[in-house]
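Protein sequences appear in the order of chains A and B.
Residue numbering for the first sequence follows our numbering, starting at 102 and increasing by one per position.
Residue numbering for the second sequence follows our numbering, starting at 102 and increasing by one per position.
Every residue, glycine too, gets a C-beta built ideally from N, C-alpha and C.
Here is the structure we will look at, set down as structure tokens.
Number of protein chains: 2
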Amino acid sequence: MTGLNGTRRPAAPGSSDAAGKRRVRETLLQRVIEEIVSGRFPEGAILPNEAELAERFGVSRTSLREAMQHVVAQGMIRSRTRAGTMVLPRSNWNYLDPLVLDIVLRHTTDPQFYLSLIDARQLLEPAAAAQAAASATEADLQAIAEAYDEMVEANSRDTEEWSAADLKFHTAIIDASGNWVYRQFVTAIRAALLASFRLTNRASQSHEDALRMHRDVVEAIRTRRPDASRHAMQRLIGLARSEIADALPRD
Amino acid sequence: MTGLNGTRRPAAPGSSDAAGKRRVRETLLQRVIEEIVSGRFPEGAILPNEAELAERFGVSRTSLREAMQHVVAQGMIRSRTRAGTMVLPRSNWNYLDPLVLDIVLRHTTDPQFYLSLIDARQLLEPAAAAQAAASATEADLQAIAEAYDEMVEANSRDTEEWSAADLKFHTAIIDASGNWVYRQFVTAIRAALLASFRLTNRASQSHEDALRMHRDVVEAIRTRRPDASRHAMQRLIGLARSEIADALPRD
DNA sequence: GATGTCAATTCATACTACAAATTGTGAACG
DNA sequence: CGTTCACAATTTGTAGTATGAATTGACATC
């Protein structure tokens, strides 16, 4: 894997033929979601009928419908015979889907959207760390330590590896919590890290601070101190929060 | 809506023909997910090829594939040419999808699964209540009050209305928090309430206790006291937790 | 003005055909 | 005997077409 990137098609955006023949549905899905998220088809709007959409995107109706089923599964649209396909209210969307979240984040300018994400992290991750300290297995601890080591190594080099190791670190702790609900939010954390790297021109000096805080978390979990783990993680996310807050427009 | 019920087809469970001609995909989807969740096709297993599956379920390959796209969207399977369709590890599944969660809950006997759900509620909902106290709009407050009133009314009658009002109550508070991440969690709460009603033979006397606690939450939010709201919600979920814990096998 | 009937539109399902990709087998060669 | 290369078989991916079913909207009738 190339780090945090989800898709990796060569470079052919909209060319319907050429070497982009394979993976029609994946690119098609992305385009459809993009049209909805971007507001070209706002909530409550009726999409053009399937025949027209298929022609517009240059694919068969079969492929279009398969992609649409994916969008239906995310709660973004709903089709009814004769009535057409309607865009559902955003409150119904599954924002935790990686593709959906990626696209939404690249289209939104609302600072509150990012702040909500950070708030959720600041709630979830300290709790997960505390639980991890209480119940992590040896394998869990090893995975956490390994991720931390990778961050140390990546520190001298550059961002791509650092962010991958960072994600691995937080994911390992959430996994160690053993709570399946917490695990559902890993995609949101991934998105938050991505956004953080997009928004802030992180000085490598701040890596040093971050690294220290990560080490504190590792130590607290390893020595089985739930409260210390919780607080160490709180401080760590607090740093991330302030970085994001600085990069956003003032409230 | 009829309360907590997601689907509402007449009464024909598995009859492949008859009046069940319509909504093939919905029942098909349910059956496919059920086969995977039940362990008939465990993690890592390769499903029969599409032609065979289509025949087995008595549908066309087109319909089967459209249903499969839903399953793909939930991260449960992955198809590759020539290699077949593989069941992905459960860590990859989107458990917050209503259909998936319903089916999983009806198949799991692991008490820890329920406890994790309650833990997550006990983490998220107090935070949401506090945030609601701080930033709810008048419309938000009204929605919460309305849900509470419905619970009062439903108290004398019976369970169906009570549970619907209960869900509405918790949903309204989470909505009032204004945090989109918290909102993603509503399906899990719905599932938790369903499970609670399945597992416990709630005495109507306990409704009185519950009602008082709900009222405390409403009051705390209405009077804009975040900490009081948090604590009131903590007590409320604590009650739910003890009810569930009593109903589960001993640890 | 209200109501019932009918036709047009749109999604839903089915069937068929072919393309693309990957895996496994087997032959050729070192 | 082991390794590598090429080819064939299998399975998913995409396309095209046809038909069914449901709902809406208009029209006619009372």
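Query, Result
"Helix, strand or coil at V188 of chain B according to DSSP, with G and I counted as helix", "strand"
"Closest by C-alpha distance to A266 of chain B, when choosing among B:V201, B:Q335, B:M169, B:I290", "B:I290"
"Within chain B, partners of E247 of chain A - CB distance below 8 Å", "Result: empty, since nearest Cβ-Cβ is about 17 Å, beyond 8 Å."
"Heavy atom of the ligand MN within 7 Å of D276 of chain B beta-carbon", "With respect to the ligand MN, the structure shown offers nothing to examine, as it has no ligands at all."
"Contacting residues, own chain, Cβ-Cβ under 7 Å from A234 of chain B (five flanking each side not counted)", "A321, I322, R325, R326, P327, S330"
"Cβ pair count under 8 Å reaching 3, the segment 309-317 of chain A against the segment 171-188 of chain A", "no"
"Cutoff 8 Å: W263 of chain B Cβ touching any chain A Cβ", "no"
"Beta carbon proximity, H332 of chain A to chain B, threshold 8 Å", "no"
"Below-8 Å beta-carbon distance, S236 of chain B vs any chain A residue", "no"
"Extent of the continuous alpha helix (DSSP H) to which S297 of chain B belongs", "287-300"
"is_contact[A289 of chain A, chain B] using C-beta, thresh 8 Å", "yes"
"Alpha-carbon spacing of V172 of chain A relative to I178 of chain A, whole angstroms", "6 Å"
"C-alpha distance - R110 of chain A paired with A333 of chain B, whole-angstrom precision", "Low confidence applies to R110 of chain A: its pLDDT is 33, below 50, so where it sits in the model is not reliable, and the reading given next is rough at best. Their backbone Cα atoms lie some 51 Å apart in a straight line."
"Where S117 of chain A falls: helix, strand or coil (DSSP)", "Low confidence applies to S117 of chain A: its pLDDT is 35, below 50, so where it sits in the model is not reliable enough to give any reading."
"CA-to-CA distance, E151 of chain B to E136 of chain B, given in whole angstroms", "15 Å"
"Integer-rounded CB distance, given that S164 of chain A should sit under 8 Å from L129 of chain A", "6 Å"
"Nearest-angstrom Cα separation, counted from G279 of chain A out to S343 of chain B", "20 Å"
"P143 of chain A burial status per 10 Å Cβ neighbour count (16 or more: buried)", "exposed"
"Interface positions of the segment 268-293 of chain A facing chain B (Cβ-Cβ less than 8 Å), listed along the chain", "D276, G279, N280, W281, V282, Y283, R284, Q285, F286, A289"
"Local conformation of S57 of chain B per DSSP, three classes", "There is simply no residue 57 of chain B to check, as chain B begins at 102 and stops at 352 in what is shown."
"Bounding residues of the alpha helix (DSSP H) (the contiguous stretch that carries A248 of chain A)", "239-257"
"Selection from B:Q285, B:E247, B:T210, B:R258 that minimises the alpha carbon distance to K269 of chain B", "B:E247"
"Beta-carbon spacing of Y249 of chain B, V319 of chain B below 8 Å", "yes"
"Within 8 Å, strictly: CB atoms of E389 of chain B and I338 of chain B", "Residue 389 of chain B is absent from the model: chain B starts at 102 and stops at 352."
"Pairwise C-alpha distance: V138 of chain B and I204 of chain B", "7 Å"
"Nearest to A168 of chain A (by Cα), restricted to the options A:H208, A:Q131, A:S264, A:P149", "A:Q131"
"Min CB distance R166 of chain B to chain A below 8 Å", "yes"
"Span of the alpha helix (DSSP H), counted from its first residue to its last, around P199 of chain B", "199-208"
"Distance between beta carbons of A221 of chain A and V282 of chain B, contact taken as under 8 Å", "4 Å"
"Interface residues of chain B facing S192 of chain A [CB-CB closer than 7 Å]", "R284"
"Residues of the segment 199-222 of chain A with Cβ closer than 8 Å to any Cβ of chain B, in chain order", "Q213, F214, S217, L218, D220, A221"
"Selected residue, minimal CA-CA separation from L197 of chain B, among B:A230, B:Q213, B:L218", "B:L218"
"Contact with chain A by T186 of chain B, beta-carbon distance below 8 Å", "no"
"L216 of chain A versus R157 of chain B - alpha carbon distance", "49 Å"
"Nearest candidate by alpha-carbon position, reference R166 of chain A, set A:V133, A:A255, A:T288, A:R316", "A:V133"
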